[in-house]
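Trainee: Sequences listed follow chains G and R, in order.
Residue numbers for the first sequence follow this note's numbering, so the first one is 1 and each next one is one higher.
Residue numbers for the second sequence follow this note's numbering, so the first one is 1001 and each next one is one higher.
C-beta: ideal position from N, C-alpha, C; glycine also.
One structure follows; several queries about it will come next.
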Amino acid sequence: MEQAPAITEQVALLEQRFRTLNKVMTTKAAIAQTPKELVWTLNKAKLYRYIPVVPKEERHGTPLLLVFALMNRPYILDLRPGHSFVEFLVSRGYDVYLLDWGVPGPEDKHLKFDDYAMDYIPRAIRKVKAISGTEEFSMLGWCIGAILTTIYASMLPNDGLRNLILLTAPLDFGNKQDITFARWTDEKYFDVEKVLAAFGNMPGEMIDYGAKALKPVENYIGNYVKLWDNLDNPQIVEAWHAMNTWVTDNIPLAGGAFRQLIVDLYQNNRLMMGEMIIHGQRVDLGQLQANLLTVIAEGDHITPPCQSEAILSKVASRDKEIFRVPGGHIGMMAGSDAHKRTWPHIDEWLGVRSNQKAAGSN
Amino acid sequence: MGEGQAGGSKPFDPLESFRGLRDIYLDTMAKAMVEAVNTESYAKTSGAMLDTTLTMSAPLREGLEKSMVQVLEQLSLPSRQDIITLAERFTNLEMRLDDMDAKLDRILGLSHPTQPGVPAETAAKPVVPAAPRVKSNPASTKPAVSVATHTPAAAAKPAAGPKQAAPAKKALNSVPARIAARKGAK
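Structure representation (C-alpha cells):
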C-alpha cells in the first residue's frame, strides 16, 4: 500500500523528465545575448561590434576581430550569458568585432577562399580600423576561420595585423594517417565535382553528418544518454540545450570554398607546401609576421593537433607560441572548463600585446 | 541520525547497475567505431555509397530542373538562374559601393578631419599637430599635414574622453547618419 505514492511520484518525475526532454529537443535556447551593433554588411557577411562595457581609457588599444568557420554559426563564441567568450573579452576591455559570414545561397556557390580572405576580410578590417581609430588590430581565427586569417595575414602582411590567434587551425594536411577527413576525401573515393554538381554548395546536413560520423557513438547515442541522465540538473540541461541549438544550426559551405578545402588542402596540402594560389598569387606563409598564438585542443578529432603544429616553423613571426589545452574541437572554447584554461591564457597573451597606443604606433 | 544520513541518504536505484553496464558498452562501442571509421574500407564504402546516390539521383534532378525552367518560362516567372544572376549583380554593386564608401571616407578625411571619414570614436576629439610623428619617422617624405590627415586617429588619439566620443560613434556608425553628415559637410 505504501508503494502507491512512491509509484505516483516516480511517474510524475518521469513526466517532468519527458517535458524537459521535449523542450530541449524541440526549442532553441537563447544564445548570442551579448549586446552588439551591426556596423557593416557585404552580401551575406555582417560585421558586428560588441558594445564596450569598459571605459575607453581602460580598454586595450588594439581592436580584435573574430573570424569563425564558414560552415557553422559564429555564435558559439557568444553562446550564453556567463559562458560566452565574447562576453569575457568585452569585460576584459577588448574592443571586439565579429565577422559573421552568413548563409551562402545558390548565387554564392562560386565564392572561394580568395573571396573570403582577400575581399571580405580586408573590407571588414577597413571598417574595424575606421571605427576604432587604429591602424593596428588583432585577429582570431577558428577552424576554417583560421585558414582564412592565415591566408590573409600571409598575403597582406603590412595591413596592420599585430596579433594573430589561431584556434584548432587545420593548416597542415600532410599526415593523412591521423586525419580521418583526409582519408574520406581522398580522390580515390570522393568525387568533389560530382557533389558540387548535385548541390552547388556543400549542404550543411552533409557537413554535420561528416563531423558527427567521426565519433558516431558519442554524437548519435552518448550525447543523448548524457542528457537523459542529467535531466534533473538544470545547469547541465541549460548547457546542453545551448550547445544543441548551435550544433543543429547547420549552414552550407560555398561550393568554391569547399572545392579548395578538399582539393587544395585535404588532397594536396598546398598551403603548407607553399603552392596555394590565391587571387593569382602564391600564398607564402613566410610572409606572416604578426605575433602568433596557436591554440591546439589535444583531444580534437576534427582538427588533430598535427594539423596546427607545423605553422610555427613556416612563419616569419618572431613572437610565436603554441598553447595546448585538453578538450575537443569545440569544447576547448565552449566547454565548461574553457573559462578556466583557454580564455584566461588568450587574454593573458593578447592583453600584453594589445596595449600600444592606437593609430600610427608601429 | 548522522549514521542514517551517511549510510542511507542515497535511495536504492535498481537501474544503477544497468547504467554501469550501459556506459561500459558505450565506451567500448565508441572506441571500436572511431577505429572503424578511420579505415580505408570505411572511406571506400562511404565514398561508393555517396557516388551511387548522386549518380542515381542525377537524371531525376536534371529532369526536374529542366521541366521547372520550362514551367516558369511558360508562366513568365524568373527561373532560379535568373534570380542567381540578379543576386550576383547586387553583390557586385555592394562591393563597388563599399569601395566608393572607403574612397569617400578617405577624401573626407583629407578635407575635413573631423567629418565622417575620421574614425568614429576619435571624431569628437581635437586634432593635435602631427609633428612628433614626423620627427619619429625622419625617412618619411610626406609633409606633416599629409601624415596627420591620412591617419587622423594618430593625431586625435591622445586627447578627450569617452563622454565626448560616444555620441559621435553612435551617430556615425549607421550608414544613413553618415550620408546625412556628408551632406551637412558640403
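1) Does G:Asp100 come out as helix, strand or coil in the three-state DSSP assignment?
2) To the nearest whole angstrom, what separates the beta carbons of G:Phe181 and G:Arg162, a pair I think is in contact under 8 Å?
3) When you compare the CB of G:Asn43 with every CB in chain R, is at least one pair closer than 8 Å?
4) Anything in the segment 1036-1049 of chain R with a Cβ closer than 9 Å to a Cβ of chain G? List those residues in chain order, please.
5) Once DSSP output is grouped into helix, strand and coil, what is the label at G:Phe323?
6) Flag G:Trp184 as yes if its beta-carbon sits less than 8 Å from any beta-carbon of chain R, otherwise no.
7) Within 8 Å of any Cβ in chain R, is that where the Cβ of G:Phe190 sits?
8) Would a check of beta-carbon distances place R:Thr1091 closer than 8 Å to chain G?
9) Starting from the beta carbon of R:Arg1061, find every residue of chain G whose beta carbon is closer than 8 Å, and list them in chain order.
10) Go ahead and label G:Arg92 buried or exposed: buried means 16 or more other beta carbons lie within 10 angstroms of its beta carbon, across all protein chains shown.
11) Can you tell which of G:Pro122, G:Gly222, G:Phe190, G:Ile251 has the C-alpha that lies nearest to the C-alpha of R:Lys1044?
12) If the cut-off is 8 Å on Cβ atoms, which residues from the segment 211-223 of chain G count as contacting chain R, listed in chain order?
13) Against chain G, with Cβ distances strictly below 8 Å, would R:Arg1096 count as a contact?
14) Is R:Thr1053 buried or exposed, if buried means 16 or more other CB atoms sit within 10 Å of its CB?
15) Please report how far the alpha carbon of G:Lys44 lies from the alpha carbon of G:Trp101, in whole angstroms.
16) CB-CB under 7 Å to G:Ala242, same chain, minus the five flanking residues each way: which ones, in chain order?
17) Could you give the distance in angstroms between the alpha-carbon of G:Leu89 and the alpha-carbon of G:Met139?
18) Name the residue from G:Arg318, G:Trp240, G:Glu9, G:Leu98 whose alpha carbon lies nearest to the alpha carbon of G:Lys226.
19) Taking DSSP's pairing of strands, which residues face G:Thr41 in a bridge?
20) Can you name, in chain order, every residue of its own chain whose Cβ lies under 6 Å from the Cβ of R:Pro1014, other than the five neighbours on each side?
21) May I ask you to verify whether the segment 62-72 of chain G touches the segment 141-150 of chain G, counting CB pairs closer than 8 Å and requiring at least 3?
22) Short check: CB of G:Ile165 to CB of G:Ala117, under 8 Å?
23) Can you tell me which of G:Ala290, G:Leu77, G:Leu98, G:Thr26 puts its alpha carbon nearest to the alpha carbon of G:Tyr48?
24) Is the Cβ of R:Ile1107 closer than 8 Å to any Cβ of chain G?
25) Starting from G:Gly145, follow the alpha helix (DSSP H) in both directions and report where the run begins and ends.
26) Give the range of the beta strand (DSSP E) segment to which G:Asn355 is assigned.
27) Measure the CB-CB distance between G:Trp349 and G:Glu321 and report whether it falls below 8 Å.
28) Check the DSSP bridge columns for G:His83 and list the partner residues they point to.
29) Run down chain G in chain order and give the residues with a C-beta less than 7 Å from the C-beta of R:Met1029.
30) Name the residue from G:Ala334, G:Val39, G:Gln307, G:Lys46 whose alpha carbon lies nearest to the alpha carbon of G:Ala130.
31) Can you give me the C-alpha to C-alpha distance between R:Gly1063 and G:Asp172, rounded to a whole angstrom?
32) Which of the residues in the segment 1070-1091 of chain R, read from start to end, lie with their CB under 7 Å from any CB of chain G?
33) Nearest-angstrom Cα distance between G:Glu87 and G:Glu187?
34) With a threshold of 8 Å between beta-carbons, can G:Gly36 be considered close to chain R, or not?
35) With contact counted as at least three CB pairs below 8 Å, one residue from each stretch, are the segment 290-308 of chain G and the segment 316-331 of chain G in contact?
36) Counting only runs of 4+ residues fully inside the segment 193-279 of chain G, write out the alpha helix (DSSP H) ranges in chain order.
Mentor: Taking the coordinates as given:
1) strand
2) 32 Å between Cβ atoms; not a contact.
3) yes
4) Ala1036, Val1037, Asn1038, Thr1039, Glu1040, Tyr1042, Ala1043, Lys1044, Thr1045, Ser1046, Gly1047, Ala1048
5) Assignment of G:Phe323 by DSSP, reduced to helix, strand and coil, places it in the strand class.
6) yes
7) yes
8) yes
9) Ala198
10) buried
11) G:Phe190
12) Residues Ala213, Leu214, Lys215, Pro216, Val217, Glu218, Ile221, Gly222.
13) no
14) exposed
15) In this structure, the CA atom of G:Lys44 is about 6 Å from the CA atom of G:Trp101.
16) These residues qualify, in order along the chain: Ala29, Ile31, Leu79, Arg80.
17) 13 Å
18) G:Trp240
19) G:Lys46
20) Cβ-Cβ distances below 6 Å link R:Pro1014 to nothing in the same chain once the five nearest sequence neighbours on each side are left out.
21) yes
22) no
23) G:Leu98
24) no
25) G:Gly145: member of the alpha helix (DSSP H) spanning 144-155, first to last residue.
26) First-last for G:Asn355: undefined, no H or E at that position.
27) yes
28) G:Arg80
29) Val217
30) G:Val39
31) 41 Å
32) Arg1080, Ile1084, Ala1087, Glu1088, Thr1091
33) 42 Å
34) It should be pointed out that residue 36 of chain G corresponds to Lys in this sequence rather than to Gly. Not an interface residue.
35) yes
36) 204-213, 223-229, 234-247, 255-259, 270-273
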